[in-house]
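Sequential numbering of the sequence shown, starting at 9, is according to the working numbering. The beta carbon of each residue, even a glycine, is placed where N, CA and C say it ideally should be. Everything numeric in this text was worked out from a predicted model, so none of it was measured. Working notes, beginning with the structure itself.
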Amino acid sequence: MVREIVKDETFLAQKSVAATIEDKQIAIDLLDTLAANKGKCVGLAANMIGELKNIIVFYNGDTPTVMFNAKIIETAGKYLVEEGCLSLEGMRKTSRYQSIKVRYKDMDFKSQVRSFTEFTAEIIQHELDHVSGKVI
9 MVREIVKDET FLAQKSVAAT IEDKQIAIDL LDTLAANKGK CVGLAANMIG
59 ELKNIIVFYN GDTPTVMFNA KIIETAGKYL VEEGCLSLEG MRKTSRYQSI
109 KVRYKDMDFK SQVRSFTEFT AEIIQHELDH VSGKVI
């Protein structure tokens, strides 16, 4: 189900809690909402649709990807960037890493460890800021 995008910075500043397999419908709603906003959005976090759960979705190229309880375990190549966000007005400056390694649970709640680079790594970092309650 496509959900409304939350724009309340007070809500977005709250830290999300760990997701469980029972939260799979939230991930499905995130994927539906991501698809509905394709062209103006490349990633979403659960708090952006009103759910304080550690779930993110993003496009890895053209492939939508879900991560439950993702944690960055390695980084390399720090740089500065300006980013926009569907939940917030304007562009905001932040720092990101060119390369990251992430531990997470997939849609089947199986543990995964994968490395990401460049724009995909930037998207993941942005969405993980969301679930951490960091408003950029």
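For this session: Would you kindly check if the distance between the Cβ of lysine 86 and the Cβ of serine 107 is under 8 angstroms?
Result: By one-based count along the sequence shown, residue 107 stands at place 99. By one-based count along the sequence shown, residue 86 stands at place 78. The answer is no: Cβ separation not under 8 angstroms.
Exercise. Looking only at C-alpha atoms, which of Thr28, Tyr67 and Gly51 sits nearest to serine 95?
Worked result: Residue mapping note: residue 95 aligns to position 87 of the sequence shown, counting from 1. Serine 95 has its Cα closest to that of Gly51, out of Thr28, Tyr67 and Gly51.
Exercise. By the 10 Å Cβ neighbour count, where 16 or more other Cβ atoms means buried, how is glutamate 30 classified, buried or exposed?
Worked result: For the purposes of this step, residue 30 is identified with residue 22 of the sequence shown, where counting begins at 1. Classification for glutamate 30: exposed.
For this session: Look at the alpha carbon of glutamate 97 and the alpha carbon of lysine 32, and state the distance between them as a whole number of angstroms.
Result: Translated into positions along the sequence shown, residue 97 becomes position 89. Translated into positions along the sequence shown, residue 32 becomes position 24. If you take the alpha carbons of glutamate 97 and lysine 32, they lie about 29 angstroms apart.
For this session: To the nearest angstrom, report how far apart alanine 26 and asparagine 68 are at their CA atoms.
Result: Counting from 1 along the sequence shown, the entry for residue 26 is found at position 18. Counting from 1 along the sequence shown, the entry for residue 68 is found at position 60. The straight-line gap from Cα to Cα measures roughly 23 angstroms.
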